[in-house]
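First comes the structure, then the notes that go with it.
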Amino acid sequence: MELFSLSLDLTNSIILGIVSVLVIYWFWLKPRGTSSSSSSNSTMSLIKPAKPLNELSAKPSGVAHEGSFVDRMIHSGKTMVVFYGSQTGTAEEFGQRIAKQAKRYGISATVCDPEECDMEELQRLTTIDKHIALFCLATYGEGDPTDNAQEFYEWLREDGRELNNLHYAVFGLGNKTYEHYNAVGKYVDKRLEEIGGVRMCEVGLGDDDGNIEDDFMAWTTVFWENVCQKYELVINADGTSMRQYKLVDGPFPPETVFTGEIGRLKSYERQKPPYDLRNPYLAPVLASRELFEKGCTRSCLHLELDISNTRIKYEAGDHVAVFPSNDEALVNRIGELLNVNLDEVISLVNVDEDAQKKTPFPCPCSYRTALTYYLDITSVLNTQVLKEIAQYAINEDEKAILTLMGSYSEEGKIKYKEWVLDSYRSLVHVLEDLPSLKPPLDHLCELLPRLHPRYYSISSSPKVHPTCVHVTAVVVHYKTPTNRFAKGVATNCFKELHNKHQVLEISENPPENGCHVPGRFPIYIRKSTFRLPFKFQTPIIMIGPGTGLAPFRGFIQERHFYKTQNKPVGETILYYGCRNQAEDYLYRDELKYFVDEQILELYVAFSRDQEQKIYVTHLLRQHGEKLWKLIKEQNASVYVCGDAKNMARDVHSILIDIAQAHGDMTAERASAFVKELTQKGRYSQDVWS
Ligand SMILES: Cc1cc2nc3c(=O)[nH]c(=O)nc-3n(C[C@H](O)[C@H](O)[C@H](O)COP(=O)(O)OP(=O)(O)OC[C@H]3O[C@@H](n4cnc5c(N)ncnc54)[C@H](O)[C@@H]3O)c2cc1C
Ligand SMILES: Cc1cc2nc3c(=O)[nH]c(=O)nc-3n(C[C@H](O)[C@H](O)[C@H](O)COP(=O)(O)O)c2cc1C
1 MELFSLSLDL TNSIILGIVS VLVIYWFWLK PRGTSSSSSS NSTMSLIKPA
51 KPLNELSAKP SGVAHEGSFV DRMIHSGKTM VVFYGSQTGT AEEFGQRIAK
101 QAKRYGISAT VCDPEECDME ELQRLTTIDK HIALFCLATY GEGDPTDNAQ
151 EFYEWLREDG RELNNLHYAV FGLGNKTYEH YNAVGKYVDK RLEEIGGVRM
201 CEVGLGDDDG NIEDDFMAWT TVFWENVCQK YELVINADGT SMRQYKLVDG
251 PFPPETVFTG EIGRLKSYER QKPPYDLRNP YLAPVLASRE LFEKGCTRSC
301 LHLELDISNT RIKYEAGDHV AVFPSNDEAL VNRIGELLNV NLDEVISLVN
351 VDEDAQKKTP FPCPCSYRTA LTYYLDITSV LNTQVLKEIA QYAINEDEKA
401 ILTLMGSYSE EGKIKYKEWV LDSYRSLVHV LEDLPSLKPP LDHLCELLPR
451 LHPRYYSISS SPKVHPTCVH VTAVVVHYKT PTNRFAKGVA TNCFKELHNK
501 HQVLEISENP PENGCHVPGR FPIYIRKSTF RLPFKFQTPI IMIGPGTGLA
551 PFRGFIQERH FYKTQNKPVG ETILYYGCRN QAEDYLYRDE LKYFVDEQIL
601 ELYVAFSRDQ EQKIYVTHLL RQHGEKLWKL IKEQNASVYV CGDAKNMARD
651 VHSILIDIAQ AHGDMTAERA SAFVKELTQK GRYSQDVWS
């Protein structure tokens with residue numbers, strides 16, 4: 001009886017607790033001034049964290065996302081909707097650009113994140129006369145959609161879907177170095193036709209390994225020709241510039257001004273888990289260390305980022321995303337070239353009140369904040385930007401060259417390739433080389449793409465380092481063909497920090513000027529599928545030259561940990577490569593320690609220590625028979641990390657060759673065998689280009 005009343009008390013307390021939490025949430029935590037629909041959105045963002053970066057500013061606090069997208073289109077007289085599936089912003093940027101182009105053809109378009117829309121409504125879109133549904137979709141991983149397109153992708157694949165008479169077109173974004181090239185774009189295009197859609201234009205395939213800008217521009221030309229033909233519109237491709245955002249001058253109350261936060265205002269002062277793309281954690285850097293030997297002209301840094309007391313969890317093989325900030329000198333140079341007071345606080349507000357995206361980045365903020373934390377100022381300028389800023393060149397020759405490159409004529413394409421792409425001309429370079437060009441900074445802020453986070457394969461195991469994540473990053477710097485010194489954004493933030501020895505104690509004080517206090521980086525963890533086998537006994541073969549070693553350092557730490565727990569750990573084999581033994585051999589002493597501990601079998605290819613180049617791929621070929629036995633007889637798992645372009649491709653074909661040579665298979669059978677390995681999760685890649 002006592003037990004019964006005790007359990008009743010407990011149940012009551014639990015119910016009371018839940019009710020109290022809900023009441024507190026409703027009255028205190030629910031964003032003010034939002035409709036119920038937006039409140040459900042904010043809950044969703046907690047459970048589905050990863051979203052395209054450009055969209056983060058789409059809903060400044062307090063802006064409701066109301067109604068269905070079709071109702072909103074009908075309400076504002078729009079006939080075209082552009083959906084984007086984007087991870088690092090390119091697909092969204094292309095989506096915005098094509099929606100802007102639509103105005104030239106008298107079409108009013110809206111850009112939508114599929115994750116924010118009820119995609120069942122697509123059928124209702126057909127009730128709008130001369131409607132168009134356009135999809136700009138990037139492919140990731142093993143031919144997977146981006147996080148924000150995942151739900152739509154799965155919905156589309158379900159049996160029984162019908163989208164009769166939906167007028168659609170697809171532009172896919174991908175990279176030919178990956179096996180599943182543009183798989184998502186191709187699939188969605190095919191599937192929409194299968195379920196009754198009417199294709200307005202052949203699917204476009206953008207290749208990020210080539211010139212994706214060119215692919216996109218070429219495709220949009222054909223797309224608009226088809227649309228004009230079908231809907232009997234007049235091509236008016238002269239392209240008068242139309243502003244998408246209007247400049248709102250201050251004054252703004254200081255407490256409303258963003259200072260570099262990615263999501264919520266003041267989020268870095270009052271950090272609240274869970275941490276994700278919308279709400280990164282400002283992680284203190286506990287340590288940084290140069291991994292290359294003294295005298296080496298290159299630099300590779302080992303960083304340790306503190307995640308204690310954050311509820312952030314990770315597994316070996318996950319990625320850490322780091323939000324970088326642009327070089328202060330470069331930001332100042334833009335202010336200087338345009339003669340602008342960078343500390344002026346401004347806001348950019350969408351002229352289309354029904355647009356999902358209200359501001360291009362968190363606003364209000366100072367120009368300095370926008371250029372430091374929100375905008376990509378170091379990539380080469382795209383043709384759309386050149387086209388739009390041409391009007392601000394006073395010198396006629398300079399105006400002509402910009403107009404030509406933005407025109408997308410044959411001559412313009414050649415000039416753009418030579419003058420911008422091949423010369424790596426970014427914003428500052430263009431402004432320096434065309435001195436009469438003085439675009440208003442607010443217009444530039446509207447046009448520049450968002451600065452996106454950089455991903456790093458975590459180089460530690462949570463079994464050994466539960467409260468910090470390790471990063472192993474090569475510092476990017478190079479000379480451009482116009483004799484300028486260029487630096488990678490994120491890795492030079494790391495380098496600067498390392499050089500200044502600014503590794504600070506965890507500060508209790510909120511940052512004063514800007515959010516990225518020295519010694520801290522905004523981060524979040526992105527889960528990956530790059531995982532150790534479930535059974536400790538399963539042998540693993542890891543192939544990771546250069547910084548491809550990163551996740552394997554975590555794997556080795558973890559296998560060593562299990563061994564110290566007296567677990568039976570299978571063979572752990574690493575193929576690592578670097579230029580030479582004396583300069584860039586990463587974690588040499590650690591690797592030696594694991595070899596001595598008999599946890600690791602290590603093979604290193606030093607490419608430049610002898611006359612003939614030796615790479616990991618040479619060693620793999622030499623060890624073909626042994627590798628085959630491990631894979632075939634002992635169910636070993638194979639992992640590849642690092643360069644997607646050459647190394648990962650070569651490893652893939654070597655595996656096929658090994659299966660052919662030692663498994664007595666035909667080329668087709670060997671290829672199918674390697675494919676099966678992938679499908680069974682026994683051949684995984686964590687590669688980037
Ligand atoms: C899933 C994943 C995991 C990754 N893991 C790691 C890792 O563990 N370690 C690691 O070091 N990196 C890793 N990367 C790469 C990393 O994300 C960054 O791309 C890299 O550190 C460069 O970032 P950055 O901001 O310093 O350079 P950016 O500012 O992004 O500049 C890089 C760009 O500069 C240009 N560039 C570079 N060199 C030259 C040159 N010689 N000539 C002309 N142009 C040039 C290229 O356009 C290049 O894309 C990973 C990437 C992904 C997608
Ligand atoms: C980690 C990673 C994995 C990728 N996987 C693929 C792939 O499997 N197939 C493909 O065609 N492209 C792949 N890509 C290329 C991207 O789709 C391409 O860069 C695209 O432009 C990114 O668009 P976004 O910026 O909108 O996310 C990959 C890129 C990265 C960084």
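Per our numbering, the sequence shown starts with residue 1, numbered consecutively. Every residue gets a Cβ at the ideal spot worked out from N, C-alpha and C, and that includes glycine. Here the structure is a predicted model, which is why all the values come from computation and not from measurement.
Not one heavy atom of ligand 2 falls within 7 Å of the beta-carbon of T220.
Take L233, set aside five residues on each side of it, and the residues of its chain with a beta-carbon closer than 6 Å to its own are Y105, in chain order. With a cut-off of 7 Å, the C-beta of L421 is classified as distant from ligand 2, since no heavy atom of the ligand falls inside that distance. Contact check between the stretch 574-587 and the stretch 595-604: three or more CB pairs, one atom from each, fall below 8 Å, which counts as touching. Straight across, the Cα-Cα distance linking Q622 with V616 is about 10 Å. The shortest C-alpha to C-alpha distance from A605 to any of E611, E590, N580 is the one to N580. Three or more beta-carbon pairs separated by less than 8 Å link the stretch 311-324 to the stretch 456-469, which places the two stretches in contact. Of the heavy atoms belonging to ligand 2, at least one sits nearer than 7 Å to the Cβ of H180. Contact annotation: F258 and P324 have beta-carbon atoms that are not nearer than 8 Å. For the pair K645 and F152, the Cα-to-Cα distance works out to about 30 Å. For Y524, the CB stays at least 7 Å from every heavy atom of ligand 2.
Collapsing the DSSP output to three states places S68 in coil. In this structure, K399 sits near A393, with a CB-CB distance shorter than 8 Å. With a threshold of 7 Å, the Cβ atom of A329 does not count as near ligand 1, since no heavy atom of the ligand is closer than that. The three-state secondary structure of C228, taken from DSSP, is helix. Taking 4 residues as the minimum length, the alpha helix (DSSP H) runs contained wholly in the stretch 390-422 are 396-407, 410-416, in order along the chain. The straight-line gap separating the alpha-carbon atoms of I401 and N382 is approximately 14 Å.
Residue side-chain check: E92 places its Cβ nearer than 7 Å to a non-hydrogen atom of ligand 2. Restricting attention to alpha helix (DSSP H) runs no shorter than 4 residues, the stretch 604-676 encloses them at 616-622, 624-633, 647-662, ordered along the chain. No heavy atom of ligand 2 is found nearer than 7 Å to the CB of S684. For Y140, the CB falls within less than 7 Å of some heavy atom of ligand 2.
In the three-state reduction of the DSSP assignment, N350 falls in the strand class. With fewer than 16 other CB atoms across the displayed protein chains lying within 10 angstroms of its CB, M242 is exposed. P551 carries a helical assignment under DSSP once its states are collapsed to helix, strand and coil. Out of L134, H560, A102, the CA that lies nearest to the CA of Q244 is found in A102. Taken through DSSP and simplified to helix, strand or coil, A370 comes out as helix. Assignment of beta-bridge partners to T472 by DSSP yields H302.
The beta-carbon distance between A321 and Y524, rounded to whole angstroms, is 5 Å. This is short enough to meet the 8 Å contact definition. In terms of Cβ geometry, N148 and P114 form a close pair [threshold 8 Å]. The C-alpha of I98 lies about 21 Å from the C-alpha of P145.
Comparing alpha-carbon positions, the option among V203, V351, A287, D207 lying closest to V222 turns out to be V203.
When DSSP states are grouped into helix, strand and coil, K487 belongs to the strand group. Rounded to whole angstroms, the separation of the alpha carbons of L404 and I377 is 22 Å. Boundaries of the beta strand (DSSP E) harbouring H167: 167-174, taken from the DSSP string. Linking L265 to S426 through their CA atoms gives a straight-line distance of about 30 Å.
Contact annotation, T110 with D354: C-beta distance approximately 7 Å; criterion of less than 8 Å satisfied.
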